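*Asks:* This is the structure, below, for whatever I ask next.
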Amino acid sequence: MSHSVNKPEKKQRKAVALISGGLDSLLAAKVIIDQGIHVEGINFYTGFCVEGHTHAIRKKDKAKPKRNNALWSAEQLGIQLHIVDVIEPYKEVLINPSHGYGANMNPCLDCKSFMVGQAVEWIKENDFDFIITGEVIGQRPMSQRRDTMPVIAAESGASDLLLRPLCAQLLPPTLPEKEGWVDREKLLDFNGRTRKPQIELANKLGFQDFAQPAGGCCFLTDKNYSDRLVDLWQARDTKAYELDDVMLLKVGRHIRPKPNFKLIIGREEGENKFMEGYRKQFIHLYTISAKGPLVLIEGNTDEKDLQLAAEITARYSQGRQEKTVTVAVKDQNGVSKLLNVKPFSNEEKLRDWYI
Amino acid sequence: MSHHILDAKRLLCPMPVIRTQNKVKQLSPGDILDVICTDPGVTSDIPAWCRITGHRFIDVKSDADEIVIRIEIRSRD
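These protein sequences, in sequence, are chains E and F.
Under our numbering, residue 371 is the last one in the first sequence; the count climbs by one each step, no gaps.
Under our numbering, residue 84 is the last one in the second sequence; the count climbs by one each step, no gaps.
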């Protein structure tokens, strides 16, 4: 008589992958999925993600295909994706980054530690075993360097639960490797700013049409956007901000004629339509006698300021060559008045006021 | 089965997806959810989200002012 011995079943290990929507996080997740690990994706929305509000505003952009690349990546990988709103907790990261800012207002190192830290909390709550990211040594000047990668692992609290499959062979073994949950030999040794190995791997794995954002995935890496953010903070004398501020910094021309107020001037129909949603929050102007933009006033204004704002509004209307243009000024309660103004014509001053 | 409405007007993607995701956690299989939006990005993002989460995208209706996306909640088993 023989007895069958029931061997304990090997535990299915689970990893959460930080999915930005870019190629590297897609490949990192795939490399681990192919090792038999159950992978789910997580995507953090800070408010500054290029992925989000770029496609909805400008009419000229509406001809471009619209897709959320994090969702697209998850679909390609056949995994669940959890999109997490971190707008509120992210404020502290942006306002007080312990490692400072990059070339613009991008707090990349603190941001990465923050996101991995959020993922640490998530794996505890959801009983997952480790975290994977698409980081590559040397890929980014601030957050993806040999000396900063251990900082992220330490400051996030992830320690050796943080596995970077695309460059793992160049880093000390992590717990998933030491425990044999993943085979280190099948991980990669990508290094530096070149994208060639990633493109080759994408081709090998059959990925096409993947996103390759030139300026990264965050508005804070953009100089123009950062300048507007700094101007906002300086004008308010505080770094506090709300999601609406984040949105409006992306829209329109921003002109600050005086320290106490600035104008946000819609550049085209799509922006005007988007800005219409803010009419109850801001004094706004629009031209009556000629076609023109919607203009929001941010700040406190007196009568002289409103006169100047009306002249600038007229300058950006189709009546800019006319002697006078009629401009409606409406407050947040819907009370309006009409001003007949001469369109502002000092282009040099306008350039100086441009943010 | 019950019918629910989520107001996601003036929110830009991915916020309507996040609000949908969070709302669906409170619903039961078979429930119907209408998500009312203004960002045209939702017409690709919410169906994509449905495909990866297994919920059923039923249809999209839109006019000049808003877009209504109807989905049916499915079990995640």
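Each residue gets a CB set at the ideal place from its N, CA and C atoms; glycine is no exception.
Please read all numbers here as calculations on a predicted model, not as lab measurements.
Using the Cα positions of F:Trp56 and F:Val75, report the straight-line distance between them to the nearest angstrom.
*Replies:* Residue numbering aside, residue 56 of chain F sits at position 49 when the second sequence is read from its first letter. Residue numbering aside, residue 75 of chain F sits at position 68 when the second sequence is read from its first letter. When rounded, the distance between both Cα atoms is 15 Å.
*Asks:* Quick check: the Cα distance between E:Asn359 and E:Ile280, rounded to an integer number of angstroms?
*Replies:* In the first sequence, counting from the first residue as 1, residue 359 of chain E sits at position 343. In the first sequence, counting from the first residue as 1, residue 280 of chain E sits at position 264. Strictly speaking, residue 359 of chain E in this sequence is Pro, with Asn absent from that position. Rounded to the nearest angstrom, the two C-alpha atoms are 17 Å apart.
*Asks:* Can you list, in chain order, the residues of its chain whose CB lies under 8 Å from that of E:Thr317, leaving out five sequence neighbours each side?
*Replies:* Along the first sequence, read from residue 1 onward, the residue named residue 317 of chain E stands at position 301. Asn276, Phe277, Ile299 and Ala325.
*Asks:* Under 8 Å between the Cβ atoms of E:Ser189 and E:Arg200?
*Replies:* Working through the first sequence from its first residue, we reach residue 189 of chain E at position 173. Working through the first sequence from its first residue, we reach residue 200 of chain E at position 184. It is worth fixing the name first, because residue 189 of chain E is Pro in this sequence and not Ser. Yes, the pair counts as a contact, with Cβ atoms nearer than the cut-off.
*Asks:* Output the distance between the C-alpha atoms of E:Glu285 and E:Gly268, rounded to the nearest integer angstrom.
*Replies:* Locating residue 285 of chain E in the first sequence gives position 269, counting from the first residue. Locating residue 268 of chain E in the first sequence gives position 252, counting from the first residue. Cα to Cα, E:Glu285 sits roughly 11 Å from E:Gly268.
*Asks:* Given that F:Ala15 touches chain E, what residues does it touch there, using C-beta distances under 9 Å?
*Replies:* Position 8 of the second sequence, counted from the start, is the residue given in the question as residue 15 of chain F. Within chain E, no residue comes near F:Ala15; the closest Cβ sits about 12 Å away, beyond 9 Å.
*Asks:* With a threshold of 8 Å between beta-carbons, can E:Glu141 be considered close to chain F, or not?
*Replies:* Reading the first sequence from its first residue, position 125 is the one you call residue 141 of chain E. Judged by the 8 Å Cβ criterion, E:Glu141 is not in contact with chain F.
*Asks:* Which residue from F:Thr45, F:Ile59 and F:Ser82 puts its Cα closest to that of F:Leu18?
*Replies:* For the purposes of this step, residue 18 of chain F is taken as the residue at position 11 of the second sequence. Nearest option by C-alpha distance: F:Thr45.
*Asks:* Throw me the rounded Cβ distance for the E:Gly282 and E:Pro309 pair, which I believe falls under 8 Å.
*Replies:* In the first sequence, counting from the first residue as 1, residue 282 of chain E sits at position 266. In the first sequence, counting from the first residue as 1, residue 309 of chain E sits at position 293. Indeed they touch by this definition, with Cβ atoms about 4 Å apart.
*Asks:* Give every residue of the same chain whose Cβ lies closer than 8 Å to the Cβ of F:Pro36, excluding the five residues on either side of it in the sequence, and list them in chain order.
*Replies:* Position 29 of the second sequence holds residue 36 of chain F. So the list reads Ile80, Arg81 and Ser82, once near-sequence residues are dropped.
*Asks:* How far does the beta strand (DSSP E) with E:Ile280 in it extend, from its first residue to its last?
*Replies:* As a first step, residue 280 of chain E is located in the first sequence; it is residue number 264 there, counting from the start. Run containing E:Ile280: Phe277 to Ile281, per the beta strand (DSSP E) assignment.
*Asks:* For F:Val86 and F:Thr27, I'd like the C-alpha separation in whole angstroms.
*Replies:* Outside the displayed span of chain F (8 to 84) sits residue 86 of chain F, for which this structure offers no information.
*Asks:* Ignoring anything shorter than 3 residues or poking outside the stretch 27–59 of chain F, list the beta strand (DSSP E) runs there in chain order.
*Replies:* You should have 39–44.
*Asks:* Quick one: grab the DSSP three-state call for E:Ala397.
*Replies:* Any answer about residue 397 of chain E is impossible in this case: the structure gives chain E only from 17 up to 371.
*Asks:* Between which residues of its own chain and E:Asp260 is the CB-CB distance below 8 Å, once the five residues before and five after are set aside?
*Replies:* By 1-based counting over the first sequence, the position of residue 260 of chain E is 244. The residues are Tyr294 and Gln297.
*Asks:* Since E:Ile148 meets chain F, which of its residues come closer than 8 Å, beta carbon to beta carbon?
*Replies:* The residue you call residue 148 of chain E lines up with position 132 of the first sequence. Per Cβ cutoff of 8 Å: no residues; E:Ile148 is ~18 Å from chain F at best.
*Asks:* Quick one: Cα of F:Ile53 to Cα of E:Ile215, how far?
*Replies:* Residue 53 of chain F sits at position 46 when you count from the first residue of the second sequence. Residue 215 of chain E sits at position 199 when you count from the first residue of the first sequence. Rounded to the nearest angstrom, the two C-alpha atoms are 29 Å apart.
*Asks:* So with CB distances below 7 Å, who are the chain E contacts of F:Arg81?
*Replies:* Residue numbering aside, residue 81 of chain F sits at position 74 when the second sequence is read from its first letter. Per Cβ cutoff of 7 Å: no residues; F:Arg81 is ~13 Å from chain E at best.
*Asks:* 8 Å is my cut-off, CB to CB: does E:Ile35 come that close to chain F?
*Replies:* Counted from its first residue, the first sequence places residue 35 of chain E at position 19. Not one chain F Cβ lies under 8 Å of E:Ile35.
*Asks:* Flag this pair as yes or no: are the beta carbons of E:Arg244 and E:Ile111 separated by less than 8 Å?
*Replies:* What you label residue 244 of chain E is simply residue 228 of the first sequence in a count that begins at 1. What you label residue 111 of chain E is simply residue 95 of the first sequence in a count that begins at 1. No, Cβ-Cβ distance for E:Arg244 and E:Ile111 is not below 8 Å.
*Asks:* Rounded to whole angstroms, how far is the Cβ of E:Val152 from the Cβ of E:Phe206, which I believe are closer than 8 Å?
*Replies:* Numbered from its first residue, the first sequence carries residue 152 of chain E at position 136. Numbered from its first residue, the first sequence carries residue 206 of chain E at position 190. With a Cβ gap of about 5 Å, E:Val152 and E:Phe206 count as contacting.
*Asks:* Mind pulling the chain C residues with CB within less than 8 Å of F:Val24?
*Replies:* The chain inventory of the structure shown lacks chain C, comprising the protein chains E and F.
*Asks:* Which one of E:Val311, E:Lys274, E:Lys194 and E:Ile53 has the shortest CA to CA distance from E:Met291?
*Replies:* On the first sequence, position 275 is the one that residue 291 of chain E refers to. Nearest of E:Val311, E:Lys274, E:Lys194 and E:Ile53 to E:Met291, Cα basis: E:Val311.
*Asks:* Report the residue from E:Asn120, E:Cys233, E:Lys27 and E:Gly173 whose alpha carbon sits nearest the alpha carbon of E:Gln134.
*Replies:* Taking the first sequence and counting its residues from 1, the one referred to as residue 134 of chain E is at position 118. Ranking the options by Cα distance to E:Gln134, first place goes to E:Gly173.
*Asks:* Helix, strand or coil for E:Asp163 per DSSP?
*Replies:* Counting from one through the first sequence, the residue named residue 163 of chain E turns up at place 147. Correct three-state label for E:Asp163: coil.
*Asks:* By DSSP, does E:Lys220 sit in helix, in strand, or in coil?
*Replies:* Translated into the one-based positions of the first sequence, residue 220 of chain E becomes position 204. E:Lys220: helix per DSSP, three-state reduction.
*Asks:* Please list the segments of the beta strand (DSSP E) lying wholly inside the stretch 233–300 of chain E, counting only runs of 3 or more residues, in order along the chain.
*Replies:* Listed in chain order, they are 269–274 and 277–281.
*Asks:* Tell me whether E:Gln160 is buried or exposed, calling it buried when 16 or more other Cβ atoms sit within 10 Å of its Cβ.
*Replies:* Locating residue 160 of chain E in the first sequence gives position 144, counting from the first residue. With 16 or more Cβ atoms within 10 Å of its Cβ, E:Gln160 is classed as buried.
*Asks:* Using a Cβ-Cβ cut-off of 6 Å (strictly less than) and excluding sequence neighbours within five positions of E:Gln334, which residues of its own chain qualify?
*Replies:* The residue labelled residue 334 of chain E in the question sits at position 318 within the first sequence. Excluding positions up to five away in sequence, the list reads Ala306 and Lys307.
*Asks:* For E:Gly68, which three-state DSSP category applies?
*Replies:* Here the question's residue 68 of chain E lines up with position 52 in the first sequence. Interpretation of E:Gly68 is limited by its pLDDT of 49, a score under 50 that renders its predicted location unreliable; the figure taken from the coordinates is listed afterwards. Here E:Gly68 sits in helix by DSSP.
*Asks:* From the beta carbon of F:Cys20, is the nearest beta carbon of chain E less than 8 Å away?
*Replies:* Indexing the second sequence from 1 puts residue 20 of chain F at position 13. Yes, because at least one Cβ of chain E sits closer than 8 Å to the Cβ of F:Cys20.
*Asks:* Under three-state DSSP, which class holds E:Phe360?
*Replies:* Your numbering for residue 360 of chain E matches position 344 in the first sequence. Coil.
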